[in-house]
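Step one of this worksheet: look at the structure below.
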Amino acid sequence: MRALVVGATSWGCTLAVQIDRAGAEAVVLCRDAAEAARLDADRENRRLLPGIVLPDALRFTDDPAAGGPVDAVVLAVPMQRLRENMAAVLALAGPLPPIVSAAKGLEMDSHLRGSQVIAQELARAGREAPVCVLSGPNIAREIALGQPSATVLAGADPGVLEPLRAMLMTPSFRVYTNDDVVGVELGGALKNVVGIGAGIGDALDAGANGRAAFLTRGLAEMARLGVAEGAQAITFAGLAGLGDLIATAVSPRSRNHFVGEQLGRGIPLAKILDGMVHVAEGVETTRAARTLARRAGVEMPIVEAMYRVLFEGQRPPDAIRDLMTRSAGDEIAPPPILPS
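Numbering (this note's numbering), first residue to last: 31 to 370.
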């Protein structure tokens, strides 16, 4: 197979390396000719993935049509730039191949998931293509180093998923399939919001008990909104839900956990984001998740708390106090519904 990986991000370069390891061919679409020439010469993404050798077989280009037809397109760009990067996909001639969204988050203005953004752009252009999503506990650098990892590839058609699985799977990177696109996408998006809160808790020394309680209740919120949006609850107990949440909440390489830690230490959000090389998707996802929850009438106290800390200036210790002093309830009781 031959894949076009859109985005020379840390995740895009990692997926290109993974495709090469699986015996397929990868072409990485860069922002411009200068970026493509630099990566081709250096064989290393020194800014985003330093120390990782990019195989000689990988090609870098600023022309989506370079080299002819492809069997798959993988979009590995930040969620807020997914829509604009669809232009490169739509520039491909002939019938479009399957498109894989590897972005995690919700679009800020529309509150749409990645697959919905892609479907919307395809419809506007009068084009068709199968749309799949890739999500899981996938710290890019660990996968690039060949450390054991697993992910979920979700889509409606097993006949489309199987060749894509073969294009990605190696002995160090297991790929599981799932037909719950909504659940896999929302798991990958919402865990970033909870990951910010986990970082806050660690900075404030909330302890192991506090972390366990926070992650468990965060997962319950993720599943609650997911089911309201049409997902299967069981998906959130898998790699795209619980698995990704654990990685985000404990990894020192987690961008969202880092944001939470810095917030817990009293550093303003703007200063934190200005100093980051990578994108912390959980920040804008918090806005979108809050809107989705309110629209669906689903109570999400952790999302509300993260919104107050991120955008209304609430002190993190006060947010913890508010969560801990909420009205008591049954753990497995039907979730409270906000008035519509």
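Glycine included, every Cβ here is placed at the ideal spot set by N, Cα and C.
Residue i, buried or exposed, once every other Cβ within 10 Å from all chains shown has been counted against 16
i      : result
Glu361 : exposed
Ile367 : Any answer about Ile367 is weak, because its pLDDT of 49 lies below 50 and its placement is not dependable; what the coordinates show is given next. Exposed: under 16 other Cβ atoms inside 10 Å.
Pro369 : The predicted model places Pro369 with a pLDDT of 45, which falls under 50 and marks its position as unreliable, so this point remains unresolved.
Val307 : exposed
Leu45  : buried
Met354 : exposed
Phe341 : exposed
Ala270 : buried
Asn239 : exposed
Asp210 : buried
Glu311 : buried
Gly166 : buried
Contact check, residue i vs residue j, beta carbons under 9 Å
i      : j      : result
Val100 : Leu183 : no
Arg61  : Asp92  : yes
Thr316 : Val333 : yes
Arg73  : Leu84  : yes
Val36  : Val119 : yes
Gly42  : Val104 : yes
Ala106 : Ala64  : no
Leu249 : Leu216 : no
Gly346 : Leu293 : Here the sequence assigns Pro to residue 346, which means Gly is not the residue at that position. Contact: yes.
As assigned by DSSP and simplified to three states, the class of residue i
i      : result
Thr181 : strand
Glu192 : helix
Ala349 : helix
Ala358 : coil
Thr200 : strand
Thr44  : helix
Leu234 : coil
Among the options, the one whose alpha carbon lies nearest that of residue i
i      : options                          : result
Asn286 : Ile226, Arg338 and Gly42         : Ile226
Ser145 : Thr207, Arg195 and Val214        : Val214
Gly273 : Ser179, Glu158 and Arg113        : Ser179
Asn208 : Ser40, Ala149, Val163 and Leu152 : Val163
Pro108 : Leu88, Val147, Ala54 and Gln344  : Val147
Leu69  : Ala52, Ala54 and Leu88           : Leu88
Ala33  : Thr181, Glu137 and Met197        : Met197
So within the segment 94-175, which uninterrupted alpha helix (DSSP H) runs reach at least 4 residues, ignoring any that extend past its ends?
Taking only runs of at least 4 residues, the alpha helix (DSSP H) segments lying wholly in the segment 94-175 are 112-120, 144-155 and 170-174.
Uninterrupted alpha helix (DSSP H) stretches inside the segment 261-335 (no shorter than 4 residues):
The DSSP assignment places complete alpha helix (DSSP H) segments of no fewer than 4 residues inside the segment 261-335 at 274-280, 285-294, 299-304 and 312-326, in order along the chain.
Which whole runs of the beta strand (DSSP E) in the segment 46-88 are 3 residues long or more, in chain order?
The segment 46-88 contains these whole beta strand (DSSP E) runs: 55-59.
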